[in-house]
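As structure tokens, the structure follows; a few thoughts come after it.
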Amino acid sequence: MTQNFIPEQAIIRKIIHENEQISTFRLELTNKNLPFTFLPGQFLMLSVPHCGEAAISISSSPDTLPLIDLSIRKAGELTTAIHSMTEGDQVGIRGPFGKPFPMEDFANRDLLFIAGGIGLAPLKSVIDHFLFQSTTEDNAAQSITLLYGCRSPADIAFNEVITSWREQGVDCRLTVDEKDSSWNGNTGLVTELLDHFKTSSNTRSLVCGPPIMIRFVIARLSAMGCDDTSIFTTLERHMKCGVGLCGHCHLDGKLVCLDGPVFSLDQLKKLDVMEFSR
Amino acid sequence: MIDLRELILDKDKLYPLLRKLKKEARLIAPVKNDHGDTLFTTIEDIDTTRIDLENQPQESLKPFFLPQQETVASYSVLNGEYTFTPPEPAQDTIFFGVRSCDLTALLYMDLIFSKPAKDATYYDRRNHSLVITLGCNQPFDNCFCEATSSGPYLEYGYGLQFIDLGDCYYVSAGRGRGADLLEKWGYFFREVTKKDQNRRYQLFLEARGQFTKNIQVTHACQKLQKETVAEEIWEKLSQRCYDCGGCAYVCPTCTCFSVDDMPQGRSNGIRIRSWDACTSSGFTRMTGGHNPIDRTRHALKRRFLHKLKYDFANHGKASCTGCGRCVDICFGGVDITTFIDLFTGQETP
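Chain order of the listed sequences is S and V. Oh and the first sequence: position 122 is 117 in the working numbering, straight run, nothing missing. Oh and the second sequence: position 15 is 6 in the working numbering, straight run, nothing missing.
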């Protein structure tokens, strides 16, 4: 019988310091014979010694397997503990869990990614996947745009990744709520970046960030004429099992771990969800 | 499912039979303790223990399959190796004197813990268990199992079902191990007569006529599929919920849990699963403090909608078994029957 609460051992191969609060932990399963694969948008249950488990979305693309990136912000006990770990240390993982982004629907689309803070992590998996594919492939994206908002310049994560994305033709537009002397870019909420942006029926929008940001961005996209089936988000909830048993991630009869975390606005509108109260 | 075999056990043969069963497996039955509480207890010495078949056990079978706290894995961090070990396997157990509502709850748990994959510790215990039920001839004060189709007698699911006919038990065997038991210990039993059958049927009808509570469970479930519950109802209920978790604790179908590590030293520890309740404020609160549920208004929304709306939609049946324990325990008076009464009274727009 499946020992469904027994994690697999993984080793931290590399730690990438993204900013003061966020680091990316590049993991590899110690048992290389284990079949492991995932799709962008899915998450893992991460075990850190003595700290239990937490649900963390995968921030790398499946194309770079067997390496798996988890980009983690120091927030609670477990996430703080992993920040004190070093390369070569071991963690446990279970998964992957959850429904991924509908990647087949994104082929030949104009992809618009809108992220706030650490919310870029699950979207990064999608962006990296499309960049990995050659532009000549049938299922490549038509164009990729990233609107990324953070509280302050120091809160911007994935700086190196963004530089590399720009070099690969991704239109990356950044904004901060509060600027400092180091900043000469946009100031204001990420929704304001939409003022200078035009969407079309070929646009697919992927939104992730704090609940309040998701809510306002989605309202704005709807006002711009985007169809409910063209807007996607990935929800964060307190989770204890990842397999639909513990009940913590309940969402009006659905469970975020099984039915999500990726939802289209069309799906969310049928539910009684706090972020999108009918 | 049809009863494969039916026999009569005279009451003076009960303890001799249980003595035999106890040699095969751990035997658990309701026993009244010194405080006057009737609880499912492991029978150590059958000759000095009086099994209490008069009172409703205060807890259901839930703690024996999903313990209030259990180890799902132990871990160690030694020489840089972070490894996990599964828990000890379950032991063979026979439960005796289980009420119909509690077996129905166990069948519901079987469903819950089988998807998307079979839960290892639950099914290990379940596969090592045999449940002998006792049909209820007299419902307890707060029971309403007739309204939830989970009693007073059962038609399937049990290993054996006992019905008290006064001086003997009418015993029906379910499939598998229950039928095997009757076969093995056949010499304790005698054949069923027409008179026994008539007596059983008469007692069944009498039992059904003795429910004092009339709870519109199915009507509430059907109405919930079509209508939204008025915000005033949720708010009224929430005002009287004191976050004690008592309802989830005694409920035989509340299976939500939490998982945490409990260090046992610098280099090892156990991962425990423990009961949790959707009525508690910390249930949905995330790291950083954001909580997608407003407890002041919706403390009980998940609890009642899960049991009556979603489970009815998904399984065709509410996951309330009418055991009445939440009615006994809720000092705010906002148990599931209060909700059903308020909601079925809500005017259809």
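Each residue gets a CB set at the ideal place from its N, CA and C atoms; glycine is no exception. Note that the coordinates shown come from a computational prediction; the quantities given were computed from them, not determined experimentally.
How long is the line joining the alpha carbons of residue i and residue j, rounded to whole angstroms?
i	j	result
glutamine 163 (chain S)	phenylalanine 125 (chain S)	11 Å
glutamate 338 (chain V)	leucine 145 (chain V)	35 Å
phenylalanine 0 (chain S)	asparagine 179 (chain S)	49 Å
aspartate 105 (chain S)	aspartate 326 (chain V)	52 Å
arginine 273 (chain S)	arginine 210 (chain S)	Residue confidence for arginine 273 (chain S) is low, a pLDDT of 43 falling below 50, so the modelled location carries little weight and cannot support an answer.
isoleucine -7 (chain V)	asparagine 24 (chain V)	In this prediction, isoleucine -7 (chain V) has a pLDDT of 45, which is less than 50 and means its spatial position is unreliable; what the coordinates show is noted afterwards. Using only the alpha carbons, I get a separation of about 37 Å.
leucine 94 (chain V)	cysteine 245 (chain V)	14 Å
leucine 107 (chain S)	tyrosine 114 (chain V)	46 Å
arginine 215 (chain S)	glycine 248 (chain S)	27 Å
leucine 172 (chain V)	leucine 291 (chain V)	43 Å
leucine 184 (chain S)	leucine 115 (chain S)	15 Å
lysine 175 (chain V)	phenylalanine 295 (chain V)	44 Å
cysteine 314 (chain V)	glycine 260 (chain V)	37 Å
isoleucine 88 (chain S)	leucine 263 (chain S)	29 Å
phenylalanine 75 (chain V)	proline 2 (chain S)	7 Å
methionine -4 (chain S)	valine 318 (chain V)	Confidence is the limiting factor: at methionine -4 (chain S) the pLDDT is only 40, short of 50, which leaves the residue's position unreliable and the question unanswerable from this model.
alanine 170 (chain V)	serine 54 (chain S)	55 Å
serine 140 (chain V)	valine 238 (chain S)	29 Å
glycine 220 (chain S)	asparagine 103 (chain S)	20 Å
proline 78 (chain V)	serine 65 (chain V)	7 Å
phenylalanine 135 (chain V)	histidine 78 (chain S)	53 Å
Quick one: grab the DSSP three-state call for residue i.
i	result
arginine -4 (chain V)	strand
histidine 12 (chain S)	strand
glutamine 188 (chain V)	helix
proline 206 (chain S)	helix
isoleucine 224 (chain V)	helix
histidine 78 (chain S)	helix
threonine 112 (chain V)	helix
lysine 106 (chain V)	coil
alanine 136 (chain S)	coil
isoleucine 1 (chain S)	coil
glycine 306 (chain S)	An answer regarding residue 306 (chain S) cannot be provided, because it is not within the stretch -4 to 273 covered by chain S.
proline 340 (chain V)	coil
cysteine 321 (chain V)	coil
cysteine 212 (chain V)	helix
proline 7 (chain V)	helix
alanine 81 (chain V)	coil
glutamate 72 (chain V)	strand
alanine 239 (chain V)	helix
phenylalanine 92 (chain S)	strand
asparagine 128 (chain V)	coil
glutamine 85 (chain S)	strand
Tell me where the alpha helix (DSSP H) around residue i begins and ends.
i	result
glutamine 262 (chain S)	260 to 264
arginine 288 (chain V)	286 to 289
aspartate 332 (chain V)	327 to 335
alanine 20 (chain V)	Taken as a continuous stretch (DSSP letters only), alanine 20 (chain V) belongs to no alpha helix (DSSP H), being part of the beta strand (DSSP E) at 17 to 23.
glutamate 174 (chain V)	168 to 175
valine 162 (chain V)	Valine 162 (chain V) -> not in any alpha helix (DSSP H); beta strand (DSSP E) instead, spanning 159 to 164.
Please confirm whether residue i and residue j have their CB atoms less than 9 Å apart.
i	j	result
glutamine 37 (chain S)	serine 56 (chain S)	no
valine 63 (chain V)	isoleucine 263 (chain V)	yes
glutamine 152 (chain V)	histidine 119 (chain V)	no
alanine 198 (chain V)	cysteine 92 (chain V)	no
alanine 96 (chain V)	lysine 53 (chain V)	yes
glycine 256 (chain V)	glutamine 85 (chain S)	no
alanine 20 (chain V)	phenylalanine 87 (chain V)	yes
glycine 336 (chain V)	arginine 231 (chain V)	no
isoleucine 109 (chain S)	cysteine 203 (chain S)	yes
Starting from residue i, trace the beta strand (DSSP E) both ways and give me its first and last residue.
i	result
alanine 309 (chain V)	That residue, alanine 309 (chain V), is in no beta strand (DSSP E); it is neither H nor E in DSSP.
methionine 40 (chain S)	38 to 42
valine 68 (chain V)	60 to 69
serine 141 (chain V)	Run containing serine 141 (chain V): none; DSSP gives neither H nor E here.
arginine 68 (chain S)	63 to 68
asparagine 259 (chain V)	259 to 266
arginine 168 (chain S)	166 to 171
glutamate 48 (chain S)	48 to 52
leucine 253 (chain S)	Careful: leucine 253 (chain S) lies outside any beta strand (DSSP E), inside the alpha helix (DSSP H) at 251 to 254.
glycine 17 (chain S)	Reading the sequence as shown, one finds isoleucine at residue 17 (chain S) and not glycine. 17 to 24 is the span of the beta strand (DSSP E), which, as asked, contains isoleucine 17 (chain S).
message: Between the region 30 to 50 of chain V and the region 7 to 25 of chain S, can you find at least three pairs of beta-carbon atoms closer than 8 Å?
response: Short answer: they don't touch.
Contact the region 221 to 234 of chain S vs the region 192 to 208 of chain S: 3+ CB pairs below 8 Å: yes
message: Quick check: the region 88 to 95 of chain S against the region 245 to 260 of chain S, are at least 3 beta-carbon pairs closer than 8 Å?
response: yes
task: Could you say if the region 297 to 314 of chain V and the region 206 to 219 of chain V meet the contact criterion of at least three C-beta pairs nearer than 8 Å?
output: yes
- prompt: Are the region 100 to 111 of chain V and the region 250 to 260 of chain V in contact at 8 Å, needing three or more beta carbon pairs?
  reply: Inter-segment contact for the region 100 to 111 of chain V and the region 250 to 260 of chain V is absent: fewer than three beta-carbon pairs are separated by less than 8 Å.
- prompt: Is the region 49 to 63 of chain V in contact with the region 19 to 37 of chain S, if contact means three or more CB pairs nearer than 8 Å?
  reply: no
query: Are at least three pairs of beta-carbons, each pair with one atom in the region 24 to 39 of chain V and one in the region 224 to 236 of chain V, less than 8 Å apart?
result: With the cut-off at 8 Å, the region 24 to 39 of chain V and the region 224 to 236 of chain V do not touch.
- request: Please confirm if the region 186 to 198 of chain V is in contact with the region 155 to 169 of chain V, defined as three or more CB-CB distances below 8 Å between the two stretches.
  value: yes
query: When the Cβ atoms of the region 166 to 175 of chain S are set against those of the region 132 to 144 of chain S, are three or more pairs found closer than 8 Å?
result: yes
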